[in-house]
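There are 2 protein chains.
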Amino acid sequence: MHEFDLIKNYFQKLSRKTPSALNLNDDVFFDKKKKLVVSVDTYTEGNHFINFKKPELVIKKIIRSSISDLICKGVKPKYYFISGSGNKKSFSKSNLSKISKSLHQEQNKYKIYLSGGDTVFSDKLSFTITSIGFANNIVYRNKAKINDDIYVTGNLGDSYLGLLLLENKLKLNNHLKKYFINQYFMPNIQSKLVDQIKKFANSSIDISDGLLADLDKMINNQKLSYKIFLKDIPISSNLKKVLNLKKLSKINYVSNGDDYQVLFTASKNKRRIIKKIASNCRVKLTKIGYIQSNVKKLSIVDEKNVQISLKNKGYFHMF
Amino acid sequence: MHEFDLIKNYFQKLSRKTPSALNLNDDVFFDKKKKLVVSVDTYTEGNHFINFKKPELVIKKIIRSSISDLICKGVKPKYYFISGSGNKKSFSKSNLSKISKSLHQEQNKYKIYLSGGDTVFSDKLSFTITSIGFANNIVYRNKAKINDDIYVTGNLGDSYLGLLLLENKLKLNNHLKKYFINQYFMPNIQSKLVDQIKKFANSSIDISDGLLADLDKMINNQKLSYKIFLKDIPISSNLKKVLNLKKLSKINYVSNGDDYQVLFTASKNKRRIIKKIASNCRVKLTKIGYIQSNVKKLSIVDEKNVQISLKNKGYFHMF
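Chains as they are written, first to last, in the working numbering: chain A, -11 to 307; chain B, -11 to 307.
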């Protein structure tokens, strides 16, 4: 069963009396009166992270993934709760030291604070992170407007290349290998944008499942489609190098997940302010397409304006 | 490693800048300024619940266990988030229907609302529940005073008997079997007390790990001990019947966990108001002992004032 159906068929009705739950149809919970924003995510070994050989890096990845849900909505994360299930090996003294040190570094970097959690014994390793922030307003999903520009922050695809390297599905020199693996574990989430995004975005989401999968999610309740220009999707110079070297096609690398960049739509009349803010905050913001009415299907086109067919639109959570 | 040491050695320092985290030394997180109270707990199959043959009951148990953490502090739970890890069998359509129906019943009973969560694939079944409430103040741990009376709500031990029956370690007639198993899955948590407890309690906790284990937790930062009178520990008439019938000793049944009753201390001068509130709210409140200074060790005594030695003080979380 698709994650959407699961929520729709079994859980949405339970949230009907809670407008703050946003029909379980957004990345976060937002109680406007209490100004409270909450995000809850579970990460399991073998699924959200390959293994626990590098606890210090896995911890950074899951913390960033969790607070990214708030940041992409224009909300500063403040508190986080971590609940870990694992065995004695996963939570050995040496691993606990590494976990603790990593959390400390992330706390300093993002000004967040460990506020509670739980530890339980399990032969399967998983973590649930609850992130909490406070805000007067947030940028929602499902608020894109026809003709909105579609933007993305930073670069896409580096993280997926890191994953392929970790899975030994690709070989590269040590310098590049280190670069991509670091991007996989420590994505450059856009905390500098957190106070700015509400000034221009109509709708936003962070890219965890893949550019197109998350674009679909962002507008899933709206009768809208989009047009994305493959050539405009921003990638790092390192990824450009690898694509040339290995004769790989760009589309497969930018449409996979784990980038944790912010995808948002904004009215055309915001172009100037977006340029200005990007330059002031030193954040890379790239226009990659636009929202259109539902006359045509969703589409991504190549340099010759020819529609690209995709085998895999990204990661979909299934049961 | 004992749970206390794990928190103390690796995580407490990370919460130092968050007074609301209460040094990770209480059941909840409390941001006094924002009036926000949060509790996060993980429940795994084979550990916190035996199996998932009765999803509708397991769900009730874990929801009550989670909101019990807030209720024992005098905080009305309002929102809950549920993050489930499981496989296709655990989250079959039939089970999802049962889960959804159960959540609906609990929502009506306790006036709580599903506000978000996550579902991930895993061969090991577990749930993490985040419960959120709002309050101007809470009843803390570690605030017991010398000579405080020690009270407990409801009855103890029924839930443990239910567990023994589910594990086939005991045989009883169907009527009793049903009673105890229902108590195991659907403990009578004391939501009626939630607005009252702050009027009299100096310190409180809910009994999840066992009477003495939780009593230790409630005063663990204080140089205090306690004296508990076994004969005063309240048990149901059904449990009384079984203890007589099977010639079992009371102590083993009241010192195990999963009761989700409230354990609290209060000054002697609150005895009258406690009696009055108990009668008005129709909540059973029983005085079972008192707090003493650290001259003697912690103790529980029998009818002849002889100290009882305990093999098992309850459930301790170890790694």
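Just so you know, even glycine gets a beta-carbon here, dropped at the ideal spot from N, CA and C.
Subject >> For VAL16/A, the three-state DSSP class (helix, strand or coil) >> reply: coil
**OP:** Check whether the Cβ of ASN130/A lies closer than 8 Å to any Cβ atom in chain B.
**Re:** no
Original post:
Buried or exposed: where does VAL308/B fall if 16 or more other Cβ atoms within 10 Å of its Cβ makes it buried?
Top reply: Residue coverage of chain B in this structure runs from -11 to 307, which leaves residue 308/B outside it and unanswerable.
Original post:
For the alpha helix (DSSP H) that contains ILE47/A, what are its first and last residues?
Top reply: 43 to 59
**OP:** Evaluate contact between the segment 149 to 164 of chain B and the segment 108 to 116 of chain B, counting only Cβ atoms and requiring at least three cross-stretch pairs below 8 Å.
**Re:** no
Original post:
In the DSSP assignment, what residue or residues form a beta bridge with LEU24/A?
Top reply: ASP19/A, PHE122/A
Subject >> Residues within the segment 105 to 135 of chain B neighbouring chain A, beta-carbon criterion of under 8 Å >> reply: Going along the segment 105 to 135 of chain B in chain order, one finds GLY105, ASP106, THR107, VAL108, PHE109, SER110, ASP111, LYS112, SER114, THR116, THR118, ILE120, PHE122 with a Cβ nearer than 8 Å to chain A.
Subject >> Beta-carbon proximity of SER78/A to THR116/A, cut-off 8 Å >> reply: no
Original post:
Taking one C-beta from the segment 118 to 129 of chain A and one from the segment 78 to 88 of chain A each time, how about it: are there three or more such pairs within less than 8 Å?
Top reply: no
Subject >> Inter-residue CB distance, SER281/B and ASP136/B (contact presumed, cutoff 8 Å) >> reply: With 8 Å as the limit, SER281/B and ASP136/B do not qualify as a contact, their Cβ atoms being about 11 Å apart.
Original post:
When you compare only the Cα positions, how much space is there between CYS269/A and GLN184/A?
Top reply: 9 Å
Subject >> LYS215/B - partner residues in DSSP beta bridges >> reply: TYR278/B, SER287/B
Original post:
Can you tell me whether ASP246/B is buried or exposed, with buried defined as 16 or more other CB within 10 angstroms of its CB?
Top reply: Around the CB of ASP246/B, 16 or more other CB atoms lie within 10 Å, so the residue is classed as buried.
**OP:** Would you list, in chain order, the members of the segment 77 to 99 of chain B that have their beta-carbon closer than 8 Å to a beta-carbon of chain A?
**Re:** PHE79, LYS81, LEU84, SER85, ILE87, SER88, LEU91, HIS92, GLN95
Original post:
Thinking C-alpha only, which one of GLY145/B, LYS41/B, VAL26/B, PHE(-1)/B is nearest ASN176/B?
Top reply: GLY145/B
**OP:** Give me the Cα-Cα distance between ARG52/B and GLY198/B, rounded to the nearest whole angstrom.
**Re:** 16 Å
**OP:** Please determine, among ASN35/A, CYS60/A, ASP204/A, the residue with the shortest C-alpha to C-alpha distance to VAL142/A.
**Re:** Note that residue 142/A corresponds to Gly in the displayed sequence, not to Val. For the residues ASN35/A, CYS60/A, ASP204/A, the minimum Cα distance to GLY142/A belongs to CYS60/A.
Original post:
Is it right to say GLN171/A is buried, meaning 16 or more other beta carbons lie within 10 angstroms of its own, or is it exposed?
Top reply: GLN171/A comes out buried.
Subject >> For SER85/B and TYR(-2)/A, believed in contact at Cβ under 8 Å, the rounded distance >> reply: 7 Å
**OP:** Would you mind reading off the limits of the alpha helix (DSSP H) that contains GLY150/B?
**Re:** That run of the alpha helix (DSSP H) goes 146 to 154.
Original post:
Can you tell me whether DSSP reads TYR(-2)/A as helix, strand or coil?
Top reply: TYR(-2)/A falls in the helix class under three-state DSSP.
Original post:
Would you say ALA189/B reaches chain A, if we count a Cβ-Cβ gap shorter than 8 Å as a contact?
Top reply: no
Original post:
From what residue to what residue does the beta strand (DSSP E) around LYS77/B run?
Top reply: DSSP places LYS77/B in no beta strand (DSSP E); its state is neither H nor E.
Original post:
In terms of residue numbering, what span does the alpha helix (DSSP H) encompassing PHE40/A cover?
Top reply: Taken as a continuous stretch (DSSP letters only), PHE40/A belongs to no alpha helix (DSSP H), as it is neither H nor E.
Original post:
So with Cβ pairs under 8 Å, would you call PHE17/B a contact of chain A?
Top reply: yes
Original post:
If you draw a straight line from the alpha carbon of ASN11/A to that of ILE126/B, how long is it in whole angstroms?
Top reply: 31 Å
**OP:** Just tell me which of SER225/A, ASN130/A, THR118/A, ILE262/A has its CA closest to the CA of TYR139/A.
**Re:** Minimum Cα distance to TYR139/A is reached at ILE262/A.
Original post:
Listing by chain order, which chain B residues have their CB less than 7 Å from the CB of GLU44/A?
Top reply: Neighbours of GLU44/A on chain B: none; closest Cβ ~13 Å, over 7 Å.
Subject >> Extent of the continuous alpha helix (DSSP H) run through VAL230/B >> reply: 225 to 234
**OP:** Kindly indicate the opening and closing residues of the alpha helix (DSSP H) around PHE173/A.
**Re:** 162 to 173
Subject >> Below-8 Å beta-carbon distance, LYS(-2)/A vs any chain B residue >> reply: Reading off the sequence, residue -2/A comes out as Tyr, not Lys. Output row for TYR(-2)/A: interface = yes.
**OP:** Examine chain A for any beta-carbon lying closer than 8 Å to the beta-carbon of THR30/B, and answer yes or no.
**Re:** yes
Subject >> Members of the segment 233 to 253 of chain B near chain A, C-beta cut-off 8 Å >> reply: Listed by position along the chain: nothing, the set is empty.
Original post:
By DSSP, does TYR98/B sit in helix, in strand, or in coil?
Top reply: helix
Subject >> Supposed contact pair VAL289/B and LEU218/B - C-beta distance, whole angstroms, cut 8 Å >> reply: 7 Å
Subject >> Contacts of PHE(-8)/A in chain B (Cβ-Cβ under 7 Å) >> reply: By Cβ distance, chain B contributes nothing, its closest Cβ being about 11 Å from PHE(-8)/A, past 7 Å.
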